[in-house]
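Residue numbers (my numbering), protein chains in the order written: chain U, 11 to 357; chain B, 11 to 357. All C-beta atoms, glycine included, are put in the ideal place defined by N, C-alpha and C.
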């Protein structure tokens, strides 16, 4: 692990994106979104993903110059296609459009078909919350999760994001008083395969059951779950149902694919369906009123008796700002191997 | 357990509601929604809840004649207040209004503050799906769930509903070809206290871990969880975050209360905040196209290798239609005690 100054990280990614055929403006945006992901401590979805993105461009499964397009619209909802361009850029454009629609109509949605991996899901939640909008968005994925009651994958892990804006000081929403939104970013699997591998490599058991072993029993042994390919959906039957419903709704609204139609080779994981829903709380209430509601709920959460003394429960996104500020002050922590791969792509 | 013909069940509930002070039209609607809940096999939230409702009316915490009112609106989103009237009637009116907004704008939302228990969450999903609309709705509740990392309740179990319309035959959407929507109705706790009590009374262990015992270990012993009052959120930290985000978003959009502001006495559980979001898939696609997407996903789910041979994984709501048809054919199964309580209230 080493620390890279944020501007250096961003400009290195930008050079890599230019080499991969993105136009300058789009290379800059993609670099910012990716660098911000590492800056916020979500290292699985930042520069760690750039080599796969590069390989997908090389294989022709991602079209670096393809841009999202409007397909049809009705009132406050629109269908777009990602045209299999870079998924983070399409998602960013879709959330931007949902925000515009929400400013006009109180709420707005973009259903995006035929897109590619959007990298960090939470990116689009922060995007909305930093604009003062609430948002809900989700994507489907290739099938990597057995539904409840089955042993073979038929569900995606379909990350879901909820974002709620919150300013420390509504009278001074400046960078000195940063926004502290609530941003939930959760996949429908209890642990990703990446997380299972990380636990196995460290020789550790999972903190809670994460799937089934060969005898069909729940286990905290990551290697056993890797062998059975039976990771758990969150909440057992509940997350299984939620994953399925999110998948079908995204495909129906976008006119796109459901999980079972997406190739199972990660290098061919394209044709994803995504939903971006933005809601304007300030169309109904004042910032002062809205902030008081969020602050009251946060204070009540913090007041719950902690399991570990002096470690109160945290709200989704709470830890992010501290990580972000540390990254900006000391440099962004990156894995040495990932950094070398990125340097190679940026040469 | 005995079976009561559906019309008799409905008319008995209706008499009880009239005695409790509901106007004839509202008593009839409340009776239908409650009878349909038992008809669909959700016995915890049908007539089982009528005695508590009656007691809340008697105590003045639910106002039987209060009706929901528009507070403010902006485009496709509206704020309403439930005025602490019967929660199922307010929720039904709110979803109806969200459906109207969605027909006008493609999507629409009603944020409802100061309402009371809506009984079966799924009711409002079926309501939307039977009208050809997709929907997402949720409610907050009194705090009954410790957040991840804490031992005292600070979260509601905040049931969440996703509903997706689906007709067997788009050319014949008649009662002979019933709608088979996908309707997910899930609380954020892995097991409710009612479910824990039912397992304990049967002397059974839970099928999966449901909370913590006195030593702080995960357990499948329902009695231990009742003693610690530490049931699990679904997906551990994930459901904890989702419950919190749903709570804050419902309160902010409705201008209402978050979980910590709701009295913890179930007989005083009023002032709830709820969201009703309806989306019109047919504003973007044809019924044939939409149905093909849902059918394809359902077929893929059914094709997954089942844990128990010949028992394929099911989609949310799949079992409901069979239960419903059996109830209509043979009578609605009701608990003898609940039925006698209802008869007393209907006298």
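- When Cβ-Cβ separations below 8 Å define contact, residue 293 (chain B) makes contact with chain U.
- The continuous beta strand (DSSP E) containing residue 196 (chain B) extends over residues 192-196.
- Apart from the 5 residues on each side of it in sequence, residue 196 (chain B) sits with its Cβ closer than 7 Å to the Cβ of 169, 170 in its chain, given in chain order.
- The beta-carbon of residue 325 (chain B) is placed less than 8 Å from the nearest beta-carbon of chain U.
- For residue 312 (chain U), the CB contacts under 6 Å within the same chain, skipping 5 residues up- and downstream, are 322 in chain order.
- Comparing alpha-carbon positions, the option among B:109, B:189, B:87, B:48 lying closest to residue 305 (chain B) turns out to be B:189.
- Residues of chain B with a Cβ closer than 7 Å to the Cβ of residue 315 (chain U) are, in chain order, 160, 161, 162.
- For residue 121 (chain U), the enclosing beta strand (DSSP E) covers residues 117-126.
- Within 10 angstroms of the beta-carbon of residue 151 (chain U) lie 16 or more other beta-carbons, which makes it buried.
- CA-CA distance, residue 11 (chain U) to residue 340 (chain U), rounds to 13 Å.
- The segment 120-129 of chain U makes contact with the segment 101-108 of chain U: 3 or more CB pairs, one atom from each, lie closer than 8 Å.
- Between residue 228 (chain B) and residue 126 (chain B) the beta-carbon gap is near 34 Å, outside 8 Å, which marks them as no contact.
- Rounded to whole angstroms, residue 47 (chain U) and residue 259 (chain B) show a C-alpha spacing of 24 Å.
- Within chain U, no residue has its CB atom less than 9 Å from the CB of residue 34 (chain B), the nearest being about 34 Å off.
- By DSSP's assignment, residue 285 (chain B) forms a beta bridge with B:121, B:148.
- Note that the segment 140-147 of chain U does not touch the segment 52-61 of chain U; fewer than 3 beta-carbon pairs, one per stretch, sit closer than 8 Å.
- Looking at B:203, B:18, B:226, the one whose alpha-carbon comes closest to that of residue 216 (chain B) is B:203.
- Comparing alpha carbon positions, the residue from B:314, B:110, B:272 closest to residue 160 (chain U) is B:314.
- Within the segment 64-89 of chain B, 81, 82, 83, 84, 85, 86, 87, 88, 89 place their CB atoms closer than 9 Å to a CB of chain U, listed in sequence order.
- Of all alpha-carbon atoms in U:98, U:78, U:97, the one lying nearest the alpha-carbon of residue 91 (chain U) is that of U:78.
- Residue 196 (chain U) has a beta carbon lying within less than 8 Å of a beta carbon in chain B.
- In its chain, beyond the 5 residues on either side, 156, 161, 221, 222 have a beta carbon closer than 7 Å to the beta carbon of residue 240 (chain B).
- For secondary structure counted as the alpha helix (DSSP H) over 4 or more consecutive residues, the segment 195-277 of chain U holds these complete runs in sequence order: 203-211, 232-238, 247-264.
- Counting only the Cα atoms, residue 327 (chain B) lies some 27 Å from residue 211 (chain B).
- The three-state secondary structure of residue 171 (chain B), taken from DSSP, is strand.
- Taking 8 Å as the cut-off, the Cβ atoms of residue 140 (chain U) and residue 333 (chain U) do not count as close.
- Counting only Cβ-Cβ distances below 9 Å, residue 336 (chain U) has no contacts in chain B at all, with the closest Cβ about 21 Å away.
- Residue-level contact check: residue 268 (chain B) touches chain U, since one or more beta carbons of chain U fall below 8 Å from its beta carbon.
- Taking a contact as a CB-CB distance under 8 Å, the pair residue 38 (chain U) and residue 356 (chain U) does not count as one, their CB atoms being some 14 Å apart.
- Shown in chain order are the members of the segment 251-264 of chain B whose Cβ falls below 9 Å from a Cβ of chain U: 251, 252, 254, 255, 256, 257, 258, 259, 261, 262, 263, 264.
- For residue 55 (chain U), no CB of chain B lies under 8 Å from its own CB, so it is not counted at the interface with that chain.
- Below 8 Å, enough C-beta pairs join the segment 232-249 of chain U and the segment 232-249 of chain B to call them touching: three or more.
- Per the coordinates, the alpha-carbon of residue 208 (chain B) lies some 23 Å from the alpha-carbon of residue 225 (chain B).
- Listed along the chain, the chain U residues whose CB falls inside 8 Å of the CB of residue 119 (chain B) are 116, 117, 289.
- Distance from the CA of residue 263 (chain U) to the CA of residue 279 (chain U), rounded to the nearest whole angstrom, comes to 20 Å.
- Contact annotation for residue 157 (chain B) against chain U: 311, 314, 323 [CB-CB distance below 8 Å, chain order].
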